[in-house]
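Novice: Handing you this structure, nothing more for now.
Encoded structure:
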C-alpha cells in the first residue's frame, strides 16, 4: 500500500524567502503524485501533479516540485514566498484499482509566512 | 459553475443523533468521494463511488453509510454519531479522462459531536 510522509507539520518562512516543503512516498509501482493546497476555511485545490513525464513539474502560483525516484521524494518549492502563500499543503500519491483513482494523503504541512 | 457544493457548512450533534451530509457536483464527473480531515492525519477516504449506482468502502468506513443518489449527488450518513466522528468532512469528485484524475473538493462540513 502506498504511504506519504510530510516532514514538518509546520514551516515558517519570511516573505521573499525560499519555500521548501518535503514529501516522501512509498509505492511499489511508479506513482502519480500530487500537491494540494488548502486555504483557511476552504476545500483543497490542486497545485500541481506528476504524471510520469517531466520530473520537474510546474504548478500554479509559482510553485514547482521535482520527482526524484532514487530518493522517493516529491518536494515542493517556491523561490520567493508571498504572504498569500500561507496555507496548508498536502502531498498525495495516487493508486489505481478497478474502481478508479484513490488518493493517499500525507499529514499536511502548515506554511506560515512572516512579513 | 459551482463545482462541488456541500451542505451544511457547520453542524453540532449530540452523541447518538443521526444526520446526512449532502454533496453535489455540476462537472458531470463519474466518481465521487467522501473524506474526513483530522489534525496531523491529512485526509482519509471514508467511501467512494466510482460511478452512478456503485459505492465502495475506503480506509475508514465504520459508522458511516453513503448513497449515490444520481450522477450529481453523493450523500454521507451518520446513523448514530459518536465524539470520534468530530471532524471536517470533504466531498470530492473526479473524471476518469486520461487515466489520471484530478479531484475537485467542496468547501467542507465542520461537524462536532458532543
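Residue numbers (our numbering), protein chains in the order written: chain A, 1 to 115; chain B, 1001 to 1114.
Where a beta carbon is used, it is the ideal one built from N, C-alpha and C, also for glycine.
1) Please compile the residues from chain B whose C-beta is within a distance smaller than 9 Å of the C-beta of residue 69 of chain A.
2) Grab me the residues of residue 18 of chain A's own chain with a C-beta within less than 8 Å of its C-beta, minus the 5 sequence neighbours each way, in chain order.
3) Do the CB positions of residue 1105 of chain B and residue 1090 of chain B come within less than 7 Å of each other?
4) Pull the bridge partners of residue 18 of chain A from the DSSP assignment, please.
5) Anyone know if the C-beta pair for residue 105 of chain A and residue 87 of chain A falls short of 7 Å?
6) By DSSP, does residue 1085 of chain B sit in helix, in strand, or in coil?
7) Cβ atoms of residue 1043 of chain B and residue 1037 of chain B: under 7 Å apart, would you say?
8) Residue ranges of each alpha helix (DSSP H) run of no fewer than 4 residues wholly in the segment 11–78 of chain A, ordered along the chain?
9) Is the CB of residue 47 of chain A under 7 Å away from at least one CB in chain B?
10) Can you find the residues in the same chain that come closer than 6 Å, C-beta to C-beta, to residue 32 of chain A, ignoring five residues on each side of it along the sequence?
11) Apart from the five residues on each side of it in sequence, which residues of its chain come closer than 6 Å, Cβ to Cβ, to residue 108 of chain A?
12) Beta-carbon of residue 2 of chain A versus every beta-carbon of chain B: anything under 7 Å?
13) Under a CB-based cut-off of 7 Å, is residue 1107 of chain B close to chain A?
14) Can you grab the Cα-Cα spacing for the pair residue 114 of chain A / residue 61 of chain A, in whole Å?
15) What residues in its chain sit with their C-beta under 7 Å from that of residue 46 of chain A, if we drop five residues either side in the sequence?
Specialist: Result, derived from the coordinates:
1) Within the first chain, numbered from 1, the residue matching residue 69 of chain A stands at position 69. Neighbourhood of residue 69 of chain A in chain B, by CB distance below 9 Å: empty, with the nearest CB roughly 18 Å away.
2) Taking the first chain and counting its residues from 1, one reaches residue 18 of chain A at position 18. Sequence-distant Cβ neighbours of residue 18 of chain A in its own chain, meaning closer than 8 Å and more than five residues away, are 77, 78, 79, 80, 81.
3) In the second chain, residue 1105 of chain B corresponds to position 105, counting from 1. In the second chain, residue 1090 of chain B corresponds to position 90, counting from 1. At the C-beta level, residue 1105 of chain B and residue 1090 of chain B come within 7 Å of one another.
4) Taking the first chain and counting its residues from 1, one reaches residue 18 of chain A at position 18. DSSP, once it has assigned bridges, lists no residue as partnering residue 18 of chain A.
5) Counting from one through the first chain, the residue named residue 105 of chain A turns up at place 105. Counting from one through the first chain, the residue named residue 87 of chain A turns up at place 87. In terms of Cβ geometry, residue 105 of chain A and residue 87 of chain A do not form a close pair [threshold 7 Å].
6) Along the second chain, read from residue 1 onward, the residue named residue 1085 of chain B stands at position 85. In the displayed model, residue 1085 of chain B falls within a helix according to three-state DSSP.
7) Counting from 1 along the second chain, the entry for residue 1037 of chain B is found at position 37. Counting from 1 along the second chain, the entry for residue 1043 of chain B is found at position 43. In this structure, residue 1037 of chain B places its C-beta atom within 7 Å of the C-beta atom of residue 1043 of chain B.
8) The segment 11–78 of chain A contains no whole alpha helix (DSSP H) run of 4 or more residues.
9) Here the question's residue 47 of chain A lines up with position 47 in the first chain. No - not a single Cβ of chain B is within 7 Å of the one on residue 47 of chain A.
10) Position 32 of the first chain, counted from the start, is the residue given in the question as residue 32 of chain A. Hits under 6 Å: 94.
11) Within the first chain, residue 108 of chain A is the residue found at index 108, counting from 1. Correct list, in chain order: 88, 90.
12) For the purposes of this step, residue 2 of chain A is taken as residue 2 along the first chain, with counting starting at 1. No, its Cβ sits nowhere closer than 7 Å to a Cβ of chain B.
13) For the purposes of this step, residue 1107 of chain B is taken as residue 107 along the second chain, with counting starting at 1. The Cβ of residue 1107 of chain B sits closer than 7 Å to at least one Cβ of chain A.
14) Within the first chain, residue 114 of chain A is the residue found at index 114, counting from 1. Within the first chain, residue 61 of chain A is the residue found at index 61, counting from 1. Their Cα atoms are separated by approximately 18 Å.
15) Taking the first residue of the first chain as 1, we reach residue 46 of chain A at position 46. Scanning its chain for C-beta atoms nearer than 7 Å, with the 5 sequence neighbours on each side dropped, one finds around residue 46 of chain A the residues 34, 36, in chain order.
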